[in-house]
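This report refers to the structure that appears directly beneath it.
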Amino acid sequence: MTAMILMALLTPMFLITPSEAKTQKGKTVRPAIIVKWSQEKPSNMTQMVNLTDEAEKLIKTVVGRKGNLKTFNFTGGYRSTSESPVNATVNPLIYGVGCNNTAHFENPKCKDLLTWDIDKGIETPLDLNVNVSVQFLNQTIIVTLDLNRASSITWSQRKKLNPSKMKGPTAVVKQQCNFSAEITFMGYVAYALEDVRGDMPENNAFDIVYLKNETIGLEKRHNMLSYNVTGTFRHYQRCKSKEAERHKRIAFS
């Protein structure tokens, strides 16, 4: 993958939900539209790792024939005080070459559409929200992206904006680059068994780092489990041809 460049623009230190997001003028920011991956209708673009399935497979392998899995839980269940619930942290998005130019159209008649198409994603029972900063009409707007089981994310401040349906004489200026977001997990998965045999305990827990599987992208980082969500970011801007000509300096292939 192309070498990544961390953009300081995309490192807010607080978390807000789409319903709470506001512009500097107090106007509500439209939430991002999240397309969730489905096993029944898998995307040809997205390879999805299911952390819940990986945990279940590990427990059944460890237990073997000494019991039957009853329940397991990333955040609840019976556990000792030293076995903390699993916590997920989504690090700021890192963008590659092609997105280091933050110039944008000043004309309010121009239309912007941002998309994050994910090629390697992850599904978990945890919240995987991350904030990104986007430029819109000379303002920096904070938009919350939910990466959990996401295959595609779209955002525009204009209602129902679709680049394939924009009307009128337009010219497209597009930013495009790879992006990645490292997600780290810390804590213990608790589980309960039934029909136990031998010395197998009915309740137990394991450190989530034991789900390490580099073949599918789950790596151990010190005392954490790490996974990189990756994909392609695109910034579409459409406006009248003369406006695009004035701002063609930010266009690239």
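Position 157 of the sequence shown, counting from 1, maps to 141 under this note's numbering, and the rest follow consecutively. Where is the CB? At the ideal position from N, CA and C, for every residue including glycine.
Exercise. If you compare alpha carbons, which of K41, N71, P69, I106 is closest to G201?
Worked result: Out of K41, N71, P69, I106, I106 has the C-alpha closest to the C-alpha of G201.
For this session: Inspect the beta-carbon positions of Q160 and T216 and report whether they are closer than 9 Å.
Result: When the beta-carbon positions are compared, Q160 and T216 come within less than 9 Å of each other.
For this session: Report yes if the C-beta distance between M29 and S164 is below 9 Å; otherwise report no.
Result: No, they are not a contact pair.
For this session: Would you give the residue range spanned by the alpha helix (DSSP H) that I126 belongs to?
Result: Premise fails: I126 lies in the beta strand (DSSP E), 123 to 130, not in any alpha helix (DSSP H).
For this session: Determine the contact status of V74 and E186, defining contact as a CB-CB distance below 9 Å.
Result: It is not a contact, given that the beta carbons lie outside the stated cut-off.
Exercise. Going straight from the alpha carbon of E67 to that of G182, what length do you get?
Worked result: Approximately 24 Å, taken between the alpha carbons.
Exercise. Is it the case that the Cβ atoms of K54 and Y211 are separated by a distance below 9 Å?
Worked result: The Cβ atoms of K54 and Y211 do not sit closer than 9 Å to each other.
Problem set entry | Closest residue to E40 among N207, L195, G80, K204 (Cα-Cα distance) | When each option's Cα is compared against that of E40, the closest is L195.
Exercise. Can you tell me where the alpha helix (DSSP H) with T36 in it begins and where it stops?
Worked result: 35 to 47 is the extent of the alpha helix (DSSP H) around T36.
Problem set entry | Coil, strand or helix - E67 by DSSP | Of the three classes helix, strand and coil, the one that applies to E67 here is coil, per DSSP.
For this session: Tell me whether the beta-carbon of L110 lies closer than 9 Å to the beta-carbon of V70.
Result: It is a contact, given that the beta carbons lie within the stated cut-off.
Problem set entry | Residue interval of the beta strand (DSSP E) (run including I137) | Membership of I137 in the beta strand (DSSP E) is indicated by the continuous run 134 to 139.
For this session: With a threshold of 16 other CB atoms inside 10 Å of the CB of D37, please say whether the residue is buried or exposed.
Result: Exposed: under 16 other Cβ atoms inside 10 Å.
For this session: Using beta-carbon positions only, say whether L98 and Y220 come within less than 9 Å of one another.
Result: The Cβ atoms of L98 and Y220 lie closer than 9 Å to each other.
For this session: Kindly indicate which three-state DSSP category Y175 falls into: helix, strand or coil?
Result: The answer is strand: DSSP assigns Y175 an E or B state.
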